[in-house]
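Structure first, then comments.
Protein chains: 2
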Amino acid sequence: MKREEFSVDCSACPIRHKAVCSRCEPDELDELERIKFYKFYPAGQTVAIRGEPLETVASVVGGVATLTRSMEDGRTQLVGLLLPSDFIGRPGRTAIEYDVTAVTDLTLCCFNRKPFEDLLVRFPHVRERLLEMALDELDAARDWMLLLGRKTARERIASLIALIVKRSTRPDGSVMGTGTRIELPITRETMANYLGLTIETVSRQLTKLRADGIIELDGKRGIIIPDLGGLLAETGDDDDGGMIF
Amino acid sequence: MKREEFSVDCSACPIRHKAVCSRCEPDELDELERIKFYKFYPAGQTVAIRGEPLETVASVVGGVATLTRSMEDGRTQLVGLLLPSDFIGRPGRTAIEYDVTAVTDLTLCCFNRKPFEDLLVRFPHVRERLLEMALDELDAARDWMLLLGRKTARERIASLIALIVKRSTRPDGSVMGTGTRIELPITRETMANYLGLTIETVSRQLTKLRADGIIELDGKRGIIIPDLGGLLAETGDDDDGGMIF
DNA sequence: TGGGCCCTTTGACTTGCGTCAATGTCAGGA
DNA sequence: TCCTGACATTGACGCAAGTCAAAGGGCCCA
Numbered sequence: 541m542k543r544e545e546f547s548v549d550c551s552a553c554p555i556r557h558k559a560v561c562s563r564c565e566p567d568e569l570d571e572l573e574r575i576k577f578y579k580f581y582p583a584g585q586t587v588a589i590r591g592e593p594l595e596t597v598a599s600v601v602g603g604v605a606t607l608t609r610s611m612e613d614g615r616t617q618l619v620g621l622l623l624p625s626d627f628i629g630r631p632g633r634t635a636i637e638y639d640v641t642a643v644t645d646l647t648l649c650c651f652n653r654k655p656f657e658d659l660l661v662r663f664p665h666v667r668e669r670l671l672e673m674a675l676d677e678l679d680a681a682r683d684w685m686l687l688l689g690r691k692t693a694r695e696r697i698a699s700l701i702a703l704i705v706k707r708s709t710r711p712d713g714s715v716m717g718t719g720t721r722i723e724l725p726i727t728r729e730t731m732a733n734y735l736g737l738t739i740e741t742v743s744r745q746l747t748k749l750r751a752d753g754i755i756e757l758d759g760k761r762g763i764i765i766p767d768l769g770g771l772l773a774e775t776g777d778d779d780d781g782g783m784i785f
Numbered sequence: 541m542k543r544e545e546f547s548v549d550c551s552a553c554p555i556r557h558k559a560v561c562s563r564c565e566p567d568e569l570d571e572l573e574r575i576k577f578y579k580f581y582p583a584g585q586t587v588a589i590r591g592e593p594l595e596t597v598a599s600v601v602g603g604v605a606t607l608t609r610s611m612e613d614g615r616t617q618l619v620g621l622l623l624p625s626d627f628i629g630r631p632g633r634t635a636i637e638y639d640v641t642a643v644t645d646l647t648l649c650c651f652n653r654k655p656f657e658d659l660l661v662r663f664p665h666v667r668e669r670l671l672e673m674a675l676d677e678l679d680a681a682r683d684w685m686l687l688l689g690r691k692t693a694r695e696r697i698a699s700l701i702a703l704i705v706k707r708s709t710r711p712d713g714s715v716m717g718t719g720t721r722i723e724l725p726i727t728r729e730t731m732a733n734y735l736g737l738t739i740e741t742v743s744r745q746l747t748k749l750r751a752d753g754i755i756e757l758d759g760k761r762g763i764i765i766p767d768l769g770g771l772l773a774e775t776g777d778d779d780d781g782g783m784i785f
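Line order of the protein sequences matches chains A and B. So the first sequence is numbered by this note's numbering: it starts at 541 and just counts up by one. So the second sequence is numbered by this note's numbering: it starts at 541 and just counts up by one.
The following block contains the structure:
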């Protein structure tokens with residue numbers, strides 16, 4: 541596995557600024573700075589494989605990565621979509637549970653496991669933040685269970701687009717208006733593996749949603765949402781579910 | 541909502557003995573003892589409803605509870621199965637994310653949220669334990685995503701039975717042999733809602749697994765597994781996945 | 001002993017999504 | 001400019017699981 545060192549402006553690192561350390565004291569930030577390092581993976585590259593020992597934890601700085609579980613015969617289910625500020629790895633466990641893949645070019649802010657765990661002992665609020673993140677991921681996973689177990693193909697597609705709209709929105713509160721254009725960060729195959737569908741079904745449902753005026757397709761990856769409310773109505777969710785910023 | 545007080549022997553409380561406090565000092569145990577209290581719910585009773593404010597966290601002492609998400613039209617997906625020693629609620633959040641229902645008669649060991657959170661600040665290892673539990677639940681949820689997204693009905697049924705066998709096994713290492721009989725703690729409807737299927741499909745696949753000699757049915761709830769390896773081969777999982785005790 | 005209720009099983013039929021296969025689109029390289 | 005390969009769309013067809021409906025059990029209680 542090829543792993544190149546990659547120099548990145550520290551101010552972009554979410555470990556420091558968002559994911560872990562929004563409550564850090566200056567001297568704690570200095571300590572985080574000392575032990576962190578960056579890694580870069582080109583699009584398509586495998587970051588980690590299930591069962592492999594893992595000696596680092598990391599936070600996504602830029603790009604998109606996926607967590608997947610696969611069966612021997614090739615059936616694949618995406619179990620997590622990692623966008624900037626998301627965390628990879630779990631303190632206290634050495635083996636990796638999922639395959640991690642870079643979908644786009646990917647920059648990670650890494651910490652070796654041992655020094656990071658030492659740091660958790662001294663900075664309890666970092667562990668508190670990790671607990672919050674784990675519980676948020678758990679909620680997200682459970683919402684996805686409803687999608688995979690009970691939603692129709694059309695509802696799944698609408699839910700995914702709504703999710704990406706939501707995650708594309710700045711957390712500063714600037715809500716997307718109408719006529720928004722978003723860029724799908726993933727291929728049809730990745731979408732299918734996330735939604736528990738085939739690429740053909742994904743394609744057909746996107747075509748149908750376009751025919752029904754719910755979305756407009758703009759090239760292979762671009763989607764324009766003329767009416768966000770119309771899209772949300774197609775997800776099958778309660779109106780307010782998760783759309784509160 | 542009827543909630544009766546219920547007296548229980550403290551030694552059965554997993555908060556004290558397993559879920560949270562295996563590392564507690566004696567004086568910490570005393571403090572936990574002081575603030576805990578028990579609640580009892582008869583089978584079928586609603587414990588909590590999504591959106592409702594939640595002022596307690598709890599640990600399952602006896603019985604089975606479920607976490608579910610539902611859509612307006614009635615489609616329901618079970619997102620968690622709570623067996624003794626499992627934890628309900630999340631510190632730092634006041635609203636409930638899921639519907640919680642007692643499937644069998646259920647005994648909970650409860651803590652009011654505020655004193656429990658105060659306790660977390662003073663006993664950091666309790667928060668460490670909560671993080672471990674959250675990450676374990678996250679792994680379980682993601683395994684279930686693979687099941688819901690990609691497995692056939694037959695594989696889902698086999699996986700559920702295997703899961704219940706696994707969870708019925710003592711953690712002291714006594715592995716179930718062949719010819720084991722287990723008691724399904726849930727109805728066909730609950731199974732269907734857990735597996736993303738209909739009750740008819742669940743029933744048909746159970747019948748087929750019996751016809752193929754993978755399982756034997758013993759009354760409505762009992763299942764005899766003549767050959768555990770044969771059952772595991774039907775789950776679609778890697779041989780060793782999760783079956784290490 | 002029988003009736004009512006709930007859960008489960010079974011059968012006949014339907015359908016949404018998967019499978020297989022062909023065609024379309026676009027970007028990069030010779 | 002054409003070739004090539006990767007990704008996406010579309011169509012025809014099949015099947016696994018859903019839907020609708022009826023017929024068992026098993027348990028409680030009159």
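All C-beta atoms, glycine included, are put in the ideal place defined by N, C-alpha and C. All of these numbers come straight from a predicted model, not from anything done at the bench.
Legend entry - DSSP bridge partner residues for B/Ala681 (one or two, in chain order): According to DSSP, B/Ala681 bridges with nothing at all.
Legend entry - Minimum Cβ-Cβ distance from A/Met731 to chain B less than 8 Å: no
Inset, instruction - Determine the chain A residues that contact B/Arg609 at a beta-carbon separation under 8 Å, and present them in chain order. - result: Arg682, Asp683, Met685, Leu686
Legend entry - Per-residue contacts from A/Arg630 into chain B (C-beta, under 8 Å): Leu675
Legend entry - Runs of alpha helix (DSSP H) wholly within the stretch 561-623 of chain A (minimum 4 residues, chain order): 566-575
Legend entry - Span of the beta strand (DSSP E) around A/Ile755: Segment: none, A/Ile755 is in no beta strand (DSSP E) and carries neither H nor E.
Inset, instruction - Might you give, ordered along the chain, the residues of its own chain that have their beta carbon closer than 6 Å to the beta carbon of B/Ser610, omitting 5 neighbours on each side? - result: Thr616
Inset, instruction - May I ask you to verify whether the stretch 642-650 of chain A touches the stretch 599-606 of chain A, counting CB pairs closer than 8 Å and requiring at least 3? - result: yes
Inset, instruction - Round the Cβ separation of B/Ala583 and B/Thr644 to the nearest angstrom and send it over; I've been treating them as touching at under 8 Å. - result: 5 Å
Inset, instruction - Note down, in chain order, all residues in the stretch 638-656 of chain A with a beta-carbon under 8 Å from any beta-carbon belonging to chain B. - result: Tyr638
Inset, instruction - Using a Cβ cut-off of 8 Å (strictly closer), state whether A/Asp626 contacts chain B. - result: no
Inset, instruction - Using a Cβ cut-off of 7 Å, pull out every chain A residue sitting near B/Gly672, in sequence order please. - result: Correcting the residue type first, residue 672 of chain B is Glu in the shown sequence and not Gly. Per Cβ cutoff of 7 Å: Gly632.
Inset, instruction - Out of A/Leu686, A/Pro766, A/Lys760, point me to the one whose CA is closest to A/Gly719's CA. - result: A/Pro766
Inset, instruction - At 9 Å on the CB atoms, spell out the chain A contacts of B/Leu622, in chain order. - result: The premise fails here: B/Leu622 is roughly 13 Å from chain A at the closest Cβ pair, so nothing lies under 9 Å.
Legend entry - Beta-carbon spacing of B/Ile755, B/Arg721 below 8 Å: no
Legend entry - Cβ separation of A/Ile726 and A/Val604, assumed to be a contact under 8 Å, to the nearest whole Å: 7 Å
Inset, instruction - Can you give me the start and stop residues for the beta strand (DSSP E) that A/Arg721 sits inside? - result: 720-723
Inset, instruction - Name the one or two DSSP bridge partners that B/Thr647 has. - result: B/Phe580, B/Gly602
Legend entry - Option nearest B/Leu735 by Cα separation, candidates A/Gly614, A/Gly689, A/Leu737: A/Gly689
Inset, instruction - Using a Cβ-Cβ cut-off of 8 Å, state whether B/Asp658 counts as contacting chain A. - result: no
Legend entry - Closer than 7 Å at the beta carbon, the chain B residues around A/Arg615: Arg690
Inset, instruction - Give me the Cα-Cα distance between A/Val640 and B/Ser743, rounded to the nearest whole angstrom. - result: 37 Å
Inset, instruction - Output the boundary residues of the beta strand (DSSP E) element that contains B/Asp639. - result: 639-642
Inset, instruction - Closer than 7 Å by beta-carbon distance: list the chain A residues that pair up with B/Gly769, in chain order. - result: None at all; the shortest Cβ gap to chain A is about 16 Å.
Legend entry - Secondary structure of B/Phe663, DSSP reduced to three states: coil
Inset, instruction - Starting from B/Phe627, follow its DSSP beta bridges and name the residues at the other end. - result: B/Ser599
Legend entry - Cβ-based neighbour list, A/Gly776, same chain, cut-off 6 Å, excluding 5 preceding and 5 following: Lys691, Glu695
Inset, instruction - Starting from A/Gly762, trace the beta strand (DSSP E) both ways and give me its first and last residue. - result: 762-765
Inset, instruction - From the DSSP output, read off the bridge partner residues of B/Asn652. - result: B/Thr596
Legend entry - Outcome for B/Pro593 when other beta-carbon atoms lying within 10 angstroms are tallied against a minimum of 16: exposed
Legend entry - A/Arg669 classed as buried or exposed, judged by whether at least 16 other C-beta atoms fall within 10 angstroms: buried
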